[in-house]
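Trainee: Start counting the sequence shown at 664; every next residue gets the next number (the numbering used here).
This structure is in structure tokens; I'll ask about it shortly.
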Amino acid sequence: MPQKDKIISELKLNPKTIIDDYRMAFKSRQASIIGRREVLSGKAKFGIFGDGKEVAQLAMAKSFQKGDFRSGYYRDQTFMFAIGEHKISEFFAQLYADPNIKNEPATAGRSMNAHFATRSLNEDGTWKNLMEIKNSSADISPTGSQMPRLVGLAYASKLYRELEDLKEFVEFSDNGNEVAFGTIGNASCAEGIFWEAINALSVLRAPAVVSIWDDGYGISVSNQYQFSRDLSELLSGFQREEGTDSGFDLYRVPAWDYPALIEAYKKAADTARKEHVPSIIHVVEVTQPQGHSTSGSHERYKSAERLNWEKEYDCIKKFRRWILENEYISENELIEFEKIDIELVEDIRIKAYNDFKDPILKEIADFSDLLDEISTDSLYADKLVQIKDKIARKAGVLRQDILVSAQDALIILREEEIPAKNKLIAWINGQNEVYQRNVSSHLHSNSELSTENVKEVKAIYSAESPMLNGFQIMNRVFDTFLERDSRVLAFGEDVGFLGGVNQGFAGLQLKYGELRVADTGIREATIMGQAIGLALRGFRPIAEIQYLDYLLYALQIMADDLATLLWRTKGGQKAPVIVRTRGHRLEGIWHSGSSMGGILNLVRGMHLLVPRNMVQAAGFYNTLLKSDEPGIVVEVLNGYRLKERLPDNFADYSVPVGIPEIIRSGSDITIVTYGALVRIAKDAAEKLEKVDISVELIDIQSLLPFDVEHRIVESLKKTNSILFLDEDVPGGASAYMMQEVIEKQNGYKYLDSPPATLSAKPHRPAYGSDGGYWSKPNSETIFEKVYEMMHETDPQEYPIFF
664 MPQKDKIISE LKLNPKTIID DYRMAFKSRQ ASIIGRREVL SGKAKFGIFG DGKEVAQLAM
724 AKSFQKGDFR SGYYRDQTFM FAIGEHKISE FFAQLYADPN IKNEPATAGR SMNAHFATRS
784 LNEDGTWKNL MEIKNSSADI SPTGSQMPRL VGLAYASKLY RELEDLKEFV EFSDNGNEVA
844 FGTIGNASCA EGIFWEAINA LSVLRAPAVV SIWDDGYGIS VSNQYQFSRD LSELLSGFQR
904 EEGTDSGFDL YRVPAWDYPA LIEAYKKAAD TARKEHVPSI IHVVEVTQPQ GHSTSGSHER
964 YKSAERLNWE KEYDCIKKFR RWILENEYIS ENELIEFEKI DIELVEDIRI KAYNDFKDPI
1024 LKEIADFSDL LDEISTDSLY ADKLVQIKDK IARKAGVLRQ DILVSAQDAL IILREEEIPA
1084 KNKLIAWING QNEVYQRNVS SHLHSNSELS TENVKEVKAI YSAESPMLNG FQIMNRVFDT
1144 FLERDSRVLA FGEDVGFLGG VNQGFAGLQL KYGELRVADT GIREATIMGQ AIGLALRGFR
1204 PIAEIQYLDY LLYALQIMAD DLATLLWRTK GGQKAPVIVR TRGHRLEGIW HSGSSMGGIL
1264 NLVRGMHLLV PRNMVQAAGF YNTLLKSDEP GIVVEVLNGY RLKERLPDNF ADYSVPVGIP
1324 EIIRSGSDIT IVTYGALVRI AKDAAEKLEK VDISVELIDI QSLLPFDVEH RIVESLKKTN
1384 SILFLDEDVP GGASAYMMQE VIEKQNGYKY LDSPPATLSA KPHRPAYGSD GGYWSKPNSE
1444 TIFEKVYEMM HETDPQEYPI FF
């Protein structure tokens, strides 16, 4: 059978489909060319494009179905165009950073160009039917970081297929038939998280199709400096043996071979969909016609020979030649289509730019009208005219230019009392509010399921309330969560068979099965990514990081992906992940971590909850599970064997986030702390009472959010003295707490003495009981610090005796 007929019969293609594909590739290339021009001409800030990968992405798009998910990166524009989930107009709107979500629905101008995302949520934050969408999880720039998320997106299909209780969630899955498609550049495959993710997918036997776009470079660094040998060879150890379902199917296809690419993707996707066997498609001989990005030319680091080769092996050029050789269309007809498409893409760009600029021009006009009105009564009319003329003449005016000019006008008018000046002030304030909302909204959920809307349920105790070890309390609570909601999953190192190193899940794998209470390998980054991907597909994962000290492995994914997700999609996607970990105090350098300053500064967009005991932790878990927001719960590591009373209503009891609790009332000084230090500070307060110092002890309970009702400053109004107590390093969470109370709550107004902090030493905690004693605050150092503060206030009443 001639190749032409074979392609049409076996791949179910026809000449019209082939020509439509060519035109899509051609239009995508034009978008890249025009996009680069727009950046270099100053109309946009930065451009990174998918030229050279068009044909492979057309092939991938043919195997992508509704309900499937993409976890890719900033080269995938052709794929997104081809599946109909990203328009060329939206591509240009994103290039211009248009904040109008109707024009730029992926990120509302918050991410740079070519960062794709579909909108999984309705405007009220509720889930859409994801089975009616060809889904793309939201891209991030750090290379390789899409891979951990891919693990969860793929693994979700396995769970939906194998767990009978999940069959009702038809808006998220059709019996686990969905495939997760991952894309990555060759150089990013040198990242450890790539190999961690590939290994995890293989272990989990999750239906993923991973595409590697191999253009031979990572910006200027060629593959010889990236890998010890060819990527296909390096990956061959993951290849499954015939007749087994363990491992990957591996494919290697040139980026310009249209029929071979379609065949490879069809086979890979069909196998993943039916058998839940993952695949890797190594797409080689990829070119970069415009180089890496607008930051420079690839002519600086590629040889003339390489550049000539890239021109010859340009996938669109070879696709065009193949079409003409097979006589699917005449060259004259193709040239005519190309002319039409060049004009079409340019017309789309012009409209996208006008849609972006017209509102700004309207705001300039409004500002100019206000200046005209003020000028009629101002002694400085000539200077106001200069401001107006300057902004009128400036090319490419942005909103910041308007506000800068407006402030310049106010400075000029500062000594004049003109009625119209108040109009200008009100207009500036209104514009600032709108602009700030454009940039800053949706850091946290605005939905009915926001943690702000979760009603507090106070603990109820009775004479029959049992005294249990801390780990037994957590076990009872997790048992309840798993029983009442089939979407709740727990996984992490030693979580499954052992039930956790501290026994919080003891016996629960036996009760709920290996898929719902699961062991993982030592792979914190993909534990986090697994949770994100699962949450994006409707699950409520509890991802355990065994110790807070190990959170650093997962922190980059948590910070760049999870914490920013709702914000960077402006409410388009959410991943209500619960991260369970433990820290503060136990033994030695890496099992006594309390690196809160680093964490809280990197995970804005998440809740950082620091309960003092297991009952409070249980209340926080309940709150998070009732909400649709992600959070970290840091349990007290040395509290699992301490006895606590289990509330009768532990299944429903919830602790509100951002609300401190006064543990001990006092009148002389306020101590603000959290976690393991609450118990220690309470002991110190009892000692201080013996020397007539009355301590008001406050457990903040959550670092993010922090004291939303400003309860701490109310205490400070009474005591006029405050100590921030923390076991982070100096300048860590203690400095954060001080800023929140003294600066943001205006606590400085009520101080009779300087606010103080007491933290751990600037080094990690040393091993052994003595090492820990002199590394972190203890009852004695707290006593001495508070006594010294009181001595400074009243030396006669509190003379130093130590």
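Backbone N, C-alpha and C fix where the C-beta goes; we use that ideal spot for every residue, glycine too.
My assumption, with CB atoms under 8 Å, is that TYR1124 sits in contact with PRO1310. Please give the rounded CB distance.
Mentor: Working through the sequence shown from its first residue, we reach residue 1124 at position 461. Working through the sequence shown from its first residue, we reach residue 1310 at position 647. TYR1124 to PRO1310, Cβ: 6 Å. Contact.
Trainee: Should GLY1170 go down as buried or exposed, given a rule of 16 or more other Cβ atoms within 10 Å for buried?
Mentor: Translated into the one-based positions of the sequence shown, residue 1170 becomes position 507. Exposed, because fewer than 16 other Cβ atoms sit within 10 Å of the Cβ of GLY1170.
Trainee: Quick check on the DSSP output: the beta strand (DSSP E) that includes HIS1454 runs from which residue to which?
Mentor: Working through the sequence shown from its first residue, we reach residue 1454 at position 791. Careful: HIS1454 lies outside any beta strand (DSSP E), inside the alpha helix (DSSP H) at 1442-1456.
Trainee: In angstroms, rounded to a whole number, what distance separates the CA positions of SER1068 and GLY1093?
Mentor: In the sequence shown, the residue the question calls residue 1068 occupies position 405. In the sequence shown, the residue the question calls residue 1093 occupies position 430. Approximately 15 Å, taken between the alpha carbons.
Trainee: What are the start and end residues of the beta strand (DSSP E) that includes PRO941?
Mentor: Here the question's residue 941 lines up with position 278 in the sequence shown. From DSSP, PRO941 is part of no beta strand (DSSP E); its letter is neither H nor E.
Trainee: Quick check on MET1130: buried or exposed, where buried means 16 or more other Cβ atoms within 10 Å of its Cβ?
Mentor: Counting from 1 along the sequence shown, the entry for residue 1130 is found at position 467. With fewer than 16 other Cβ atoms within 10 Å, it is exposed.
Trainee: By DSSP, does TRP858 sit in helix, in strand, or in coil?
Mentor: Counting from 1 along the sequence shown, the entry for residue 858 is found at position 195. The answer is helix: DSSP assigns TRP858 an H, G or I state.
Trainee: On the DSSP bridge assignment, give the partners of ASP1362 in chain order.
Mentor: Here the question's residue 1362 lines up with position 699 in the sequence shown. ASP1362 is bridged to GLU1324 and THR1336.
Trainee: I think LEU1066 touches ASN1095, with their Cβ atoms under 8 Å apart; what is that distance to the nearest whole Å?
Mentor: As a working note, residue 1066 is residue 403 in the sequence shown. As a working note, residue 1095 is residue 432 in the sequence shown. With a Cβ gap of about 7 Å, LEU1066 and ASN1095 count as contacting.
Trainee: Just verifying my parser: in three-state terms, what is the DSSP assignment at ASN1116?
Mentor: One-based indexing of the sequence shown puts residue 1116 at position 453. Of the three classes helix, strand and coil, the one that applies to ASN1116 here is helix, per DSSP.
Trainee: Considering Cα atoms alone, identify which of ASP1362, GLU1177 and ILE1322 is closest to TYR1337.
Mentor: By 1-based counting over the sequence shown, the position of residue 1337 is 674. Among ASP1362, GLU1177 and ILE1322, the Cα nearest to that of TYR1337 is on ASP1362.
Trainee: Quick one: complete alpha helix (DSSP H) runs, 4+ long, within the stretch 1364-1397?
Mentor: Taking only runs of at least 4 residues, the alpha helix (DSSP H) segments lying wholly in the stretch 1364-1397 are 1374-1382.
Trainee: Is there contact between the stretch 854-871 and the stretch 814-824, where contact requires at least three CB pairs shorter than 8 Å?
Mentor: Touching, yes.
Trainee: Could you give the DSSP three-state label for ILE1252: helix, strand or coil?
Mentor: Indexing the sequence shown from 1 puts residue 1252 at position 589. If DSSP states are grouped into helix, strand and coil, ILE1252 belongs with coil.
Trainee: Is it true that the stretch 876-883 meets the stretch 922-939, where meeting means three or more beta-carbon pairs spaced less than 8 Å apart?
Mentor: They do not touch, by the three-pair rule.
Trainee: ARG915 to CYS978, Cα distance in whole Å?
Mentor: Residue 915 sits at position 252 when you count from the first residue of the sequence shown. Residue 978 sits at position 315 when you count from the first residue of the sequence shown. Roughly 16 Å separates the two Cα atoms.
Trainee: Confirm, please, whether the CB-CB distance from GLY845 to LEU813 is below 8 Å.
Mentor: Start at 1 with the first residue of the sequence shown, and residue 813 comes out as number 150. Start at 1 with the first residue of the sequence shown, and residue 845 comes out as number 182. Cβ distance < 8 Å, so LEU813 and GLY845 count as in contact.
Trainee: Between the stretch 1221-1235 and the stretch 756-775, can you find at least three pairs of beta-carbon atoms closer than 8 Å?
Mentor: At 8 Å Cβ cutoff, the stretches touch.
Trainee: For ARG1179, which of GLU827, ARG1012 and HIS1107 has the nearest alpha-carbon?
Mentor: If you number the sequence shown from 1, residue 1179 lands on position 516. Out of GLU827, ARG1012 and HIS1107, GLU827 has the C-alpha closest to the C-alpha of ARG1179.
Trainee: On the three-state DSSP scale, how would you describe ALA1153?
Mentor: Within the sequence shown, residue 1153 is the residue found at index 490, counting from 1. Three-state DSSP puts ALA1153 in a strand.
Trainee: Assuming VAL842 contacts ARG936 (C-beta within less than 8 Å), just tell me the rounded distance between them.
Mentor: As a first step, residue 842 is located in the sequence shown; it is residue number 179 there, counting from the start. As a first step, residue 936 is located in the sequence shown; it is residue number 273 there, counting from the start. At roughly 5 Å, the Cβ-Cβ gap stays under 8 Å, so VAL842 and ARG936 are in contact.
Trainee: Is the beta carbon of GLY1192 sitting closer than 8 Å to the one on ALA801?
Mentor: Residue mapping note: residue 1192 aligns to position 529 of the sequence shown, counting from 1. Residue mapping note: residue 801 aligns to position 138 of the sequence shown, counting from 1. It is not a contact, given that the beta carbons lie outside the stated cut-off.
Trainee: Can you confirm whether the stretch 1206-1221 touches the stretch 1241-1260 when touching is taken to mean that 3 or more C-beta pairs between the two stretches lie within less than 8 Å?
Mentor: Yes: the two stretches touch, three or more of their Cβ pairs being nearer than 8 Å.
Trainee: Got a sec, what are the start and stop residues for the alpha helix (DSSP H) GLU1009 sits in?
Mentor: Here residue 1009 corresponds to residue number 346 of the sequence shown, with the count starting at 1. Segment 994-1038, the alpha helix (DSSP H) holding GLU1009.
Trainee: From which residue to which residue does the beta strand (DSSP E) around TRP1090 run?
Mentor: Numbered from 1 along the sequence shown, position 427 holds the residue referred to as residue 1090. First-last for TRP1090: 1082-1103, but that is the alpha helix (DSSP H), not the beta strand (DSSP E).
Trainee: Alpha carbon to alpha carbon, how far is THR680 from LYS725?
Mentor: Along the sequence shown, one-based indexing puts residue 680 at 17. Along the sequence shown, one-based indexing puts residue 725 at 62. Rounded to whole angstroms, THR680 to LYS725 spans 11 Å at the Cα level.
Trainee: Pull up the CB-CB distance for PRO1204 and VAL1240, whole angstroms please, since I reckon it's below 8 Å.
Mentor: Numbered from its first residue, the sequence shown carries residue 1204 at position 541. Numbered from its first residue, the sequence shown carries residue 1240 at position 577. Indeed, because the Cβ distance is near 6 Å, the residues count as touching under 8 Å.
Trainee: Using three-state DSSP, classify ASP1306 as helix, strand or coil.
Mentor: In the sequence shown, counting from the first residue as 1, residue 1306 sits at position 643. It is Lys, not Asp, that sits at residue 1306 in the sequence shown. Reduced to three states, the DSSP call for LYS1306 is strand.
Trainee: Give the straight-line distance between the Cα atoms of PHE712 and PHE727, rounded to the nearest whole angstrom.
Mentor: Translated into positions along the sequence shown, residue 712 becomes position 49. Translated into positions along the sequence shown, residue 727 becomes position 64. Taking the straight line joining both Cα atoms gives about 21 Å.
Trainee: Can you have a look at ASN798 and say buried or exposed, based on whether 16 or more other CB atoms are within 10 angstroms of its CB?
Mentor: Along the sequence shown, read from residue 1 onward, the residue named residue 798 stands at position 135. By the 10 Å Cβ count, ASN798 comes out buried.
Trainee: So, for THR781: in the same chain, excluding its five sequence neighbours on each side, which residues have a beta-carbon less than 6 Å away from its beta-carbon?
Mentor: Within the sequence shown, residue 781 is the residue found at index 118, counting from 1. For THR781, where only same-chain residues beyond five positions count, the Cβ hits under 6 Å are GLU748, ILE796, ASN798 and SER799.
Trainee: Could you tell me whether the Cβ of GLY807 comes closer than 8 Å to any Cβ of chain C?
Mentor: Although the question refers to chain C, the structure presented lacks it and comprises just one protein chain.
Trainee: To the nearest angstrom, report how far apart MET1269 and ALA1396 are at their CA atoms.
Mentor: The residue given as residue 1269 occupies position 606 in the sequence shown. The residue given as residue 1396 occupies position 733 in the sequence shown. Rounded to the nearest angstrom, the two C-alpha atoms are 16 Å apart.
Trainee: Which of helix, strand or coil does DSSP assign to THR680?
Mentor: In the sequence shown, residue 680 corresponds to position 17, counting from 1. Note: THR680 maps to helix in three-state DSSP.
Trainee: Nearest to THR934 by alpha carbon, out of SER909, VAL947, GLU948 and MET1137?
Mentor: Along the sequence shown, read from residue 1 onward, the residue named residue 934 stands at position 271. Taking only the C-alpha atoms, the option nearest THR934 is SER909.
Trainee: Do you know how far the Cα of PRO1293 is from the Cα of ASP1224?
Mentor: The residue given as residue 1224 occupies position 561 in the sequence shown. The residue given as residue 1293 occupies position 630 in the sequence shown. Approximately 12 Å between the Cα atoms of the pair.
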